[in-house]
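Residue numbers (UniProt numbering): 1 to 247.
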């Protein structure tokens, strides 16, 4: 796990002993703690002025250890406290000035979304978040969220809250949106996901109806494993169709 920096952010500066790395290497370093981070997310944070890597004469980004630590701190504040970028920037700027600052108390009390599955309850144990928190986590406007909802990509629960998986969906839809993909373009993905979920449900439904609690718990574990395999297969099929190979 990356450690939270105690000093300044670096902002593209590095000492002679620092080893500058590519954005791909940064991605690999961050993914141990932030498995959902993407290159587009790192570029977005750069575009927002939250990190300033060096540039080679040919234009390639080069990140110092201080840049990587700053990115980790930004992602941690987003994940654990649902803070908007403006608040994160103000917090980091204050740290750079040597000020002793604390995160907003209300945000700091919230539980992280990445929590384990509870097979006995047969539901995620993560706390729900409100609409304002979802907007902050995905860094989108009310209008954009309403558009996603109109196409069925995002849906609130009966109490008007959003669970951990919905927050993840919102972040991914937002990342895709920065490449020009709108909600209407993602309807096919949603329809495919619904079909895959239906297939998984057919497989585990008999186990879920069993009287034995251990068998029902096994149904949830099987469903989770099948979902993971389905995601991996989908990724492989897309990469094969595009002829893309990631090193």
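All residues carry an ideal CB built from backbone N, CA and C; glycine is no exception.
Cα-Cα, which of the options is closest to residue i?
i: residue 42; options: 223, 167 and 25; result: 25
i: residue 51; options: 59, 93 and 36; result: 93
i: residue 231; options: 243, 214, 211 and 189; result: 189
i: residue 151; options: 45, 181, 186 and 179; result: 186
From the DSSP output, in three-state form, read off residue i for me.
i: residue 129; result: strand
i: residue 216; result: helix
i: residue 34; result: coil
i: residue 231; result: helix
i: residue 140; result: coil
i: residue 169; result: helix
i: residue 44; result: helix
Residue i and residue j look like a contact to me (Cβ under 8 Å); what is the Cβ gap, rounded to whole Å?
i: residue 82; j: residue 136; result: 5 Å
i: residue 200; j: residue 223; result: 6 Å
i: residue 75; j: residue 37; result: 6 Å
What's the gap between the Cα of residue i and the Cα of residue j?
i: residue 193; j: residue 169; result: 12 Å
i: residue 47; j: residue 165; result: 27 Å
i: residue 225; j: residue 32; result: 20 Å
i: residue 28; j: residue 35; result: 9 Å
i: residue 153; j: residue 228; result: 19 Å
i: residue 138; j: residue 171; result: 5 Å
i: residue 235; j: residue 243; result: 12 Å
i: residue 239; j: residue 91; result: 39 Å
i: residue 163; j: residue 73; result: 23 Å
i: residue 86; j: residue 167; result: 20 Å
i: residue 10; j: residue 79; result: Low local confidence applies: a pLDDT of 47 at residue 10 is under 50, so the model's placement there is unreliable, and no value is given.
i: residue 197; j: residue 221; result: 14 Å
Tell whether a beta-carbon distance below 8 Å holds between residue i and residue j.
i: residue 147; j: residue 183; result: yes
i: residue 62; j: residue 20; result: yes
i: residue 191; j: residue 204; result: no
i: residue 180; j: residue 128; result: no
i: residue 67; j: residue 53; result: yes
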